[in-house]
Amino acid sequence: QDKEKLEIRKLNDPPSAEAVRDMIKYARNVIEEFRRAKHYKYILCLTLTLLACELLEICELSLDKMGAVFEDSNVYMLHMMYQAMGVCLYVQDWEGALRYGQKIIIPYSKHYPSYSLNVASMWLKLGRLYMALENRTAGVKALKR
2 QDKEKLEIRK LNDPPSAEAV RDMIKYARNV IEEFRRAKHY KYILCLTLTL
52 LACELLEICE LSLDKMGAVF EDSNVYMLHM MYQAMGVCLY VQDWEGALRY
102 GQKIIIPYSK HYPSYSLNVA SMWLKLGRLY MALENRTAGV KALKR
């Protein structure tokens, strides 16, 4: 199951072991950079909208870079998508949050047991987002899961 969590993109010319190691190192560094940015910028009391835009940019740039090597189901990709979803929720970008949530839920359902907190909380978030975006049918379906 750990191999599934670190899934690499299936390409005609697969990345070298060194490229994969480098991308894992990059992913760990960018996750730490995101945490530091979120913490320090909040302490410095910059405008929260500016902070959110900068944090979302970190997420999107790292997803682009990691996406060249990692599948969307890779835990590093999922972590950054989850952070991006959180930023979108914070700035009330419901459509953006829903897009990230929809990308996250299938791999979460594969990596974690059905009734795990990770899967359940993601279905709850998706259900509430669908309801907020007036897609009652999808909202009820998600909330029932």
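Just so we're aligned, residue 2 is where the sequence shown starts under the working numbering, counting upward by one.
Ideal Cβ placement from N, Cα and C applies to all residues, glycine included.
Leu56 versus Gly68, Leu90 and Tyr27, residue with shortest Cα-Cα distance: Locating residue 56 in the sequence shown gives position 55, counting from the first residue. Among Gly68, Leu90 and Tyr27, the Cα nearest to that of Leu56 is on Leu90.
Environment of Tyr116 [buried if 16+ CB atoms lie within 10 Å]: On the sequence shown, residue 116 is found 115 positions in, with the first residue counted as 1. Looking at its Cβ environment, which holds fewer than 16 other Cβ atoms inside 10 Å, Tyr116 is exposed.
Identity of the residue in Gln84, Gly68 and Lys142 nearest Leu12 by Cα: By one-based count along the sequence shown, residue 12 stands at place 11. Taking only the C-alpha atoms, the option nearest Leu12 is Gly68.
Burial state of Pro15, where buried means 16 or more other Cβ atoms lie within 10 Å: On the sequence shown, position 14 is the one that residue 15 refers to. Per the 10 Å Cβ criterion, exposed.
Residue interval of the alpha helix (DSSP H) (run including Ile105): Against the sequence shown, residue 105 aligns to sequence position 104. Element bounds for Ile105: Trp95 to His112.
Straight-line Cα distance separating Arg146 from Ser54: As a first step, residue 54 is located in the sequence shown; it is residue number 53 there, counting from the start. As a first step, residue 146 is located in the sequence shown; it is residue number 145 there, counting from the start. What sits at residue 54 in the sequence shown is Cys, not Ser. If I take the Cα positions, the gap works out to 32 angstroms.
Pairwise C-alpha distance: Met132 and Met78: Residue numbering aside, residue 78 sits at position 77 when the sequence shown is read from its first letter. Residue numbering aside, residue 132 sits at position 131 when the sequence shown is read from its first letter. Cα to Cα, Met78 sits roughly 26 angstroms from Met132.
Residues near Leu134 in its chain [Cβ-Cβ closer than 6 angstroms; skip 5 each side]: Within the sequence shown, residue 134 is the residue found at index 133, counting from 1. Within the same chain, Leu134 has close Cβ partners Trp95.
Same chain only: Cβ atoms within 6 angstroms of Cys60, ignoring 5 sequence neighbours per side: Residue mapping note: residue 60 aligns to position 59 of the sequence shown, counting from 1. If we look at Cys60 and ignore the five residues flanking it on each side, its Cβ neighbours are Met81, Gln84 and Ala85.
Cβ-based burial, Cys46 [other Cβ within 10 Å; buried from 16]: Here residue 46 is taken as the residue at index 45 of the sequence shown, counted from 1. For Cys46, the pLDDT reaches just 49, beneath the cut-off of 50, and the residue's location in the model is therefore unreliable, leaving the point undetermined.
Residue range of the alpha helix (DSSP H) that includes Lys126: Counted from its first residue, the sequence shown places residue 126 at position 125. Residues Leu118 to Ala133.
Spatial distance of Tyr27 from Glu34 (CA atoms): Start at 1 with the first residue of the sequence shown, and residue 27 comes out as number 26. Start at 1 with the first residue of the sequence shown, and residue 34 comes out as number 33. For Tyr27 and Glu34, the distance between alpha carbons rounds to 10 angstroms.
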